[in-house]
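Reminder that position 308 of the sequence shown reads as 366 in the numbering used here, one-by-one numbering, no gaps.
All C-beta atoms, glycine included, are put in the ideal place defined by N, C-alpha and C.
These notes are about the structure you will find just below.
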Amino acid sequence: EELFVRAEGDPVKRNDPVYQIYSPELVSAQEELVLALNRQNRNLISAAEQRLRNLSFPAALIEALKRDRRVRQSVIFRAPRDGIVQMLSVREGFYVTPSVEILSIAGLDTVWVEVLVSSEEAKRLRPGLPVLVSVDGFPERQWEGQIDYLEPEIDPRTRSLRARVILDNADRVLRPGLYARIQVSGDAGEAVATVPAESLIRTGRMDRVVMRREDGSFKSVEVTVGQYFDGYYEILAGLETGDTIVTSAQFLIDSESSKSSDFLRMSPIDGAMASMAMSGDGAGNDQNDEPVWVGATVEEVIDDHRMTLAHGEIEAWNMMGMVMDFQVQADIDISHLQPGDEIHVQVRKDPDYYFMVTEIHGPMNREAH
């Protein structure tokens with residue numbers, strides 16, 4: 059008949075009225091108690107009181123009914139505790155049955171933080187580990203808590219595990235819906251080799267870095283990558299602690315290599331332009347600068363007329379097959395190309411772009427546009 063709360067999120071105090079309802083069953087149960095009181099039959103009085111309690115009739119109203127013996131046609135239900143309205147499924151005038159959940163009130167003295175953890179990180183977590191929680195709205199504060207529960211299964215959509223952290227919230231500062239960051243004091247692991255994130259070349263087919271040899275030449279090395287943390291990747295295989303790797307312009311250096319090749323034509327060059335060198339004889343100054351045709355597979359189409367291709371060996375340039383970026387001539391339409399398309403491209407060396415696609419035939423593996 060009447061709602062005293064209007065929306066989800068409304069705060070309530072213990073004993074605040076939340077709704078008023080008319081129920082023939084509640085009226086009938088009150089009448090039974092009044093009849094038993096009038097007959098002064100203790101067994102009937104006890105049975106009638108128990109029925110009202112089973113129907114969640116407020117205890118204060120049972121005592122009032124025993125005093126004044128006045129049946130209430132409508133009954134006001136009050137909040138059993140402090141909190142906020144977490145769910146409100148009715149409006150005034152709604153007809154409800156015993157199966158309908160009218161509303162729920164969530165206490166705020168303790169709150170849960172639900173944390174999504176990657177599958178790699180999850181193996182280092184366990185219930186009981188202490189955590190520090192910070193919230194954007196309160197940068198000056200941190201809350202201490204601990205991991206209470208880890209779900210047993212990985213979410214197949216996000217490939218992450220859900221963990222639950224319990225926080226004390228006696229001052230009611232934290233509210234449902236806030237975003238938080240947590241720092242977990244995990245168990246210490248073994249020392250591992252790491253590389254800066256900017257040094258890693260990731261193509262989708264393999265991961266590699268460019269390593270500098272003791273004689274000053276360079277070598278492309280395939281690596282197995284582990285976890286990422288704070289700007290560094292863990293290296294599980296392919297490098298040893300103490301190896302020197304290229305962290306700037308490694309994509310340019312790597313463009314003349316593949317995972318199995320050494321930089322046979324790469325030699326140390328003094329001066330600031332060393333990192334820009336494409337090969338010992340320099341891009342654009344090769345003895346054979348004539349355009350060449352080569353088969354390739356589209357890896358990615360990039361804006362501003364660039365694309366990543368996995369191309370075959372180019373014998374005329376003494377270049378082995380590899381994955382690399384190409385600039386595309388401005389008058390060529392590449393909008394119809396898709397990853398996986400098999401094409402033939404004409405490529406020439408260009409002093410500005412190093413390698414320029416000047417003509418495209420294909421795709422060969424699907425109907426041409």
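Buried versus exposed call for residue i [16 or more other C-beta atoms within 10 Å across all chains shown]
i, result
"H369", "buried"
"V175", "buried"
"D226", "exposed"
"F276", "buried"
"G195", "exposed"
"K181", "exposed"
"G235", "exposed"
"L61", "buried"
"K71", "exposed"
"D399", "buried"
"T282", "exposed"
"A354", "buried"
"G274", "exposed"
"D391", "exposed"
"G203", "buried"
"A87", "buried"
"V267", "buried"
"V169", "buried"
"V158", "exposed"
"L146", "buried"
"S278", "buried"
"V415", "buried"
"P397", "exposed"
"P421", "buried"
"Y291", "buried"
"G141", "buried"
"L294", "exposed"
"M324", "Because the pLDDT at M324 is just 40, under 50, the model does not fix this residue reliably, and the value given afterwards should be weighed accordingly. Looking at its Cβ environment, which holds 16 or more other Cβ atoms inside 10 Å, M324 is buried."
For residue j and residue i, believed in contact at Cβ under 8 Å, the rounded distance
i, j, result
"L395", "V359", "5 Å"
"I238", "D167", "The question names Ile, but residue 238 is Ala in the sequence shown. Not quite, the Cβ-Cβ distance comes to about 18 Å (not below 8 Å), so this is no contact."
"R139", "V76", "About 11 Å; that fails the 8 Å criterion."
"A94", "A106", "5 Å"
"V386", "M365", "6 Å"
"F384", "V405", "7 Å"
"S177", "I212", "5 Å"
"I240", "V304", "Contact doesn't hold; Cβ gap of about 35 Å is too wide."
"Q78", "V133", "7 Å"
"M269", "E280", "About 11 Å; that fails the 8 Å criterion."
"L113", "E83", "7 Å"
"W375", "V403", "So it is not a contact: roughly 14 Å between Cβ atoms."
Host alpha helix (DSSP H) of residue i (start-end)
i, result
"Q108", "R100 to N112"
"A85", "Residue identity check: residue 85 is Val in the sequence provided, not Ala. It spans P82 to R97 - the alpha helix (DSSP H) in which V85 sits, taken as one unbroken run."
First through last residue of the beta strand (DSSP E) which encompasses residue i
i, result
"L280", "Note that residue 280 corresponds to Glu in the displayed sequence, not to Leu. Here the beta strand (DSSP E) through E280 covers F276 to E280."
"A164", "L161 to A164"
"D265", "D265 to R270"
"E358", "V350 to I360"
"E121", "Note, E121: premise wrong, no beta strand (DSSP E); alpha helix (DSSP H) at A117 to D126."
"P254", "A251 to P254"
"G289", "Neither: G289 is in no beta strand (DSSP E) and is coded neither H nor E."
"A368", "R364 to H369"
"Q144", "G141 to L146"
"L225", "S218 to D226"
"R230", "No beta strand (DSSP E) holds R230; DSSP gives it neither H nor E."
"R239", "A238 to V242"
"F135", "S132 to R136"
Distance cut-off 7 Å: residue i Cβ against heavy atoms of the ligand ATP
i, result
"R220", "Absence of the ligand ATP is noted for the structure shown, with no ligands found whatsoever."
Just checking, does the stretch 92–102 make contact with the stretch 182–189 on the three C-beta pairs under 8 Å criterion?
-> no
Residue ranges of each alpha helix (DSSP H) run of no fewer than 4 residues wholly in the stretch 168–213, ordered along the chain?
-> 177–180
Meets three-Cβ-pair contact criterion under 8 Å: the stretch 123–132 and the stretch 220–236 | no
Can you check the stretch 373–422 for any beta strand (DSSP E) of at least 3 residues that lies completely inside it and give the ranges in chain order?
-> 380–386, 400–408 and 412–419
Is it true that the stretch 285–302 meets the stretch 249–258, where meeting means three or more beta-carbon pairs spaced less than 8 Å apart?
-> With the cut-off at 8 Å, the stretch 285–302 and the stretch 249–258 touch.
Taking contact to mean at least 3 C-beta pairs separated by less than 8 Å, is the stretch 148–159 in contact with the stretch 117–126?
-> no
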